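Student: Let me begin by handing over the structure; questions about it come next.
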Amino acid sequence: MTLPSNRFGPFYLDARIAVGGTAEVYLARPIEADASMPARVIVKRLLPHFARDAQGRTMFEREAKLHQSIRHENVVKVFRAGVDDSGEPYLAMEYVDGVDGYRLLRRMRQDSLLLPVGVAVWIAQEVLRALTSVHAAKDPEGGELTIVHRDISPSNIYLAKDGHVKLGDFGIARSLSRITLRSEQGQVIKGKFAYLAPEQVAGETADQRADLFSLATVLAEMLLGKPLFPGSGQLAVLLAIRDCNIGALAEVRGKLPAGLYEVVERALSREPTNRYKDAAEFASMLAPFAASGSVARADLADHVRRVQKLTSTDSMLAVNAEDPRSGAPPSSIHPPDAVAGDDDEDEQKTGEYGLLPSFVETTQGVRHGPWTFARLMEALATGTIGRGDKVAYMGAPMKDLADIEDLARFLPPVTAGGATTNEVSGPGAPDFLDDLGAGGDGSGRMADVLVRVFLNRETGVLFAERARDDHGDAARKELYFVGGKLHHVASSNASELLGEYLVRRGKLAREELDLALAVLPRYGGRMGDTLISLGLVGPVDIFRAIREQGRDRVTDLFLWKQGKITFYRGQQAPHVEFPLDQELPTLILAGLEAREPTDSPVERYRTHLDRTLLPTPRNPLAENLVWPPVVQSVIIGTVRAVSLRDLLLSIVKPGQVGAGDVLRAVELLLAAKIIVWQ
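To convert, count from 1 in the sequence shown and add 9; that's the numbering used here.
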């Protein structure tokens, strides 16, 4: 039984079987017999509000063009792209009678079953065959499209009941030949977050090797019988991806055929340059571990038909069902499931919390209160209160803050010298100190200090303190480093807290922040988890905001005209829910750009254009240091003496790398004494 047929363009729409955030898909049939397409097809159309939106239509048309450019037996076929009588666009695509990978893996996990290793590897090979075609697609004039699918996940891998494997859903695919570096960095990733590559999570430029990482994640899940990246919440999963925490796969290494773990491990490298160069190379490395095509298809077909049969009695529930995953063509007419990894919490989002206020007595005898929980968290985060202070926590008797479990975990650690990091003077004599006002260029001094921490791979804490400025504002920041990377930044400025930061960036409305603050104690004082659980900000947006917040707290130091900085080597970094793990050269470049945006340094360097830059004996490439691409370009461009003018001419690319970008890289390398003026 189906819904009464509705006429849409040249099709009868028999049943709506899925709906996503932007589009809906129908099981359909051509009104008139058409030799170019089968009797049953999938029709994808935009949701009404997107159909009326120019940007939504443009994205849909781009998807159609990219998808139509690909012709391969392992890619869902597009038969036609057009518009109906009212001008509404649609895609008519191949109907895959079977199940998607998500449904298959979910059912097998419920039944405590695993796909045979050879079959799992064969499925991955089939998807890689599809990706080889996708990545090599050309436009009608023969130009390389350089397509990145960006959404390789089990729910976009369609498994037919005859054992064939097809890749679908190009809704968020990108052609890198049609966009600039800067525009790509501004895109919002909409793929299933548990299958994103680290560079996608971090908001960095992603090329076709990101698809290889995602496919390796899917293969690992097939081998494990559970998602690869662990975590109790969505932010934890994103952190596991960023850090390439593949411990779950390492645990079953001994149960896999010898050599298979190493093949998958390479595809899961954090750095794209360490992965396979393309899908074909990855597929060839998997070949020794794959079952034969005939055996794999037969085995897979049995699994697909079993899953179809187990859920067939519920098939009609799919009519008008809402699928939160995507508007992709369905692989079977079954009720859609929730996204793997999503929380199924049935929580009251706007409940009232009648919490009693708290009172504080500092070590100096100053009393504060009554304070809400949110105000208490703010005071902890900004260092207004800390170890040694006493708190009457929500109606409880006054006791040491460090003895209150709910609050103690937000305290910085006790240093080796016995002092706490709330004390800006630090534990004993600093290992080095500097004055940001010396020489009148605070940004240059800050760059010198961070370069020193980076080159020496320092672990420790840096205190930055500024007396009251012209606006009457004093400031204090604490920067923690581990192995020359930024681990965490604490700030005394309440406006730099995550919630305020998101409001300032337009990611969160003020009334939404007020709601989050009201329910903050329910989520242990963790603003990121609170916002995600309330559905106010997505996990990837929170992940990136925390990184950007850490970056901006550091770049703000480059704008200080005066201040004192002290560094204490070897001091323990605090335990934080979200360690930043950020490379300092990137932060230094961002700080220099905050001081002089875009190409404004050009005027300052105009009299230096004909001066010569020379390399020093130090070889930064041999030291295995991580440099941003523009810095790498300057290092390579200065392997021998070169004028600044010629260096700029060789590196600057309009719309991609500006003169200001190159000059900031030169400043960084001069500070590192890797290059010098002649």
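Built from N, CA and C at the ideal position, the CB exists for glycine as well.
Small disclaimer: the values here were computed from a predicted structure and weren't measured.
1) Just to confirm before moving on: does the CB-CB distance between aspartate 440 and tyrosine 577 stay below 8 Å?
2) Per the DSSP calculation, tyrosine 99 is bridged to which residue(s)?
3) Out of Val498, Phe472, Leu545, which one is the CA nearest neighbour of glycine 691?
4) Express the C-alpha separation of glycine 242 and serine 542 in angstroms, rounding to a whole number.
5) On the DSSP letters alone, give me the boundaries of the beta strand (DSSP E) that serine 500 sits inside.
6) Determine the burial state of valine 130: buried for a count of at least 16 other Cβ atoms within 10 Å of its Cβ, exposed for fewer.
7) Assuming contact is defined by CB atoms lying nearer than 8 Å, are isoleucine 683 and arginine 649 in contact in what I supplied?
8) Identify every residue that forms a DSSP beta bridge with aspartate 109.
9) Under three-state DSSP, which class holds asparagine 465?
10) Under the three-state reduction of DSSP, which class applies to glutamate 82: helix, strand or coil?
11) Less than 8 Å between the C-beta atoms of valine 136 and leucine 224, yes or no?
12) From leucine 100 to alanine 289, what does the alpha carbon distance come to, in whole angstroms?
13) Pull up the DSSP beta-bridge partners for methionine 407, would you.
14) Quick one, which of Leu540, Glu487, Gln134 has its alpha-carbon nearest aspartate 523's?
15) Among the residues of its own chain, which have a CB less than 8 Å from the CB of glycine 378, if the five just before and after it don't count?
16) State buried or exposed for lysine 235, treating a residue as buried only when at least 16 other CB atoms are found within 10 Å of its CB.
17) Grab the span of the alpha helix (DSSP H) containing lysine 74 for me, first residue to last.
18) Which class does valine 470 belong to by DSSP, given the choice of helix, strand or coil?
19) Of the choices Arg159, Tyr35, Ile255, Pro530, whose alpha-carbon is the least far from that of glutamate 213?
20) What's the call for threonine 625, buried or exposed, on a 16-neighbour Cβ count within 10 Å?
21) Should glutamate 647 be labelled buried (16 or more other beta-carbon atoms within 10 Å of its own) or exposed?
22) Short check: CB of phenylalanine 222 to CB of leucine 269, under 8 Å?
23) Quick one: what's got a C-beta closer than 6 Å to serine 340's C-beta in the same chain, skipping five residues either side?
24) With a cut-off of 8 Å on the beta carbons, I'd call alanine 37 and leucine 56 a contact; round off their distance for me.
25) If you follow the alpha helix (DSSP H) that leucine 526 is part of, which residue opens it and which one closes it?
26) For my contact list, valine 272 and leucine 232 are in at a C-beta cut-off of 8 Å; report their separation, rounded to the angstrom.
27) Can you give me the Cβ contacts of alanine 48 inside the same chain, cut-off strictly under 8 Å, excluding the 5 residues immediately before and after it?
28) For glycine 256 and aspartate 538, I'd like the C-alpha separation in whole angstroms.
29) Strictly by DSSP, which residues pair up with alanine 44?
30) My output table needs one value for aspartate 23: the three-state DSSP class, helix, strand or coil.
31) Take the Cβ of valine 685 as the centre, count every other Cβ of all protein chains shown within 10 Å, and call the residue buried at 16 or more, exposed below.
32) Sorted by chain position, which residues of the same chain lie with C-beta nearer than 6 Å to phenylalanine 587's C-beta, five sequence neighbours on each side aside?
33) Considering only the beta carbon of each residue, do alanine 668 and valine 585 sit closer than 8 Å?
34) Check each candidate in Leu526, Asp590, Leu410, Gly547 and name the one with the smallest Cα separation from histidine 496.
35) Can you tell me whether DSSP reads tryptophan 636 as helix, strand or coil?
36) Look at tryptophan 569 and leucine 445 and say whether their C-beta atoms are less than 8 Å apart.
Tutor: Result, derived from the coordinates:
1) yes
2) According to DSSP, tyrosine 99 shares a beta bridge with Arg54, Gly91.
3) Any answer about residue 691 is impossible in this case: the structure gives the chain only from 10 up to 687.
4) 9 Å
5) 494-500
6) buried
7) Going by C-beta atoms, isoleucine 683 is not nearer than 8 Å to arginine 649.
8) Tyr167, per the DSSP bridge assignment.
9) coil
10) coil
11) yes
12) Between the C-alpha atoms of leucine 100 and alanine 289 there is a straight-line separation of about 29 Å.
13) Checking the DSSP bridge columns, you'll see methionine 407 partnered with Ala401.
14) Answer by Cα proximity: Leu540.
15) So the qualifying residues of the chain are Pro366, Ser367, Phe368, Val369, Ala401.
16) exposed
17) Run containing lysine 74: 63-77, per the alpha helix (DSSP H) assignment.
18) strand
19) Arg159
20) The C-beta of threonine 625 has fewer than 16 other C-beta atoms within 10 Å across all chains shown, which makes the residue exposed.
21) Here residue 647 is threonine; the residue named in the question, glutamate, does not match the sequence. Under this definition threonine 647 is a buried residue.
22) Going by C-beta atoms, phenylalanine 222 is not nearer than 8 Å to leucine 269.
23) Caution applies to serine 340, whose pLDDT of 40 falls short of 50 and renders its modelled position unreliable; the model cannot decide the point.
24) Not quite, the Cβ-Cβ distance comes to about 17 Å (not below 8 Å), so this is no contact.
25) 519-528
26) Valine 272 to leucine 232, Cβ: 11 Å. No contact.
27) Beyond the five residues adjoining it in sequence on each side, alanine 48 comes within less than 8 Å, by CB distance, of Arg38, Pro39 in the same chain, given in chain order.
28) In this model, glycine 256 and aspartate 538 are separated by some 24 Å (Cα to Cα).
29) Answer is none; alanine 44 lacks a bridge partner.
30) strand
31) exposed
32) Ile555
33) no
34) Ranking Leu526, Asp590, Leu410, Gly547 by Cα distance to histidine 496 puts Asp590 first.
35) coil
36) Pairing tryptophan 569 with leucine 445 gives a Cβ-Cβ distance under 8 Å.
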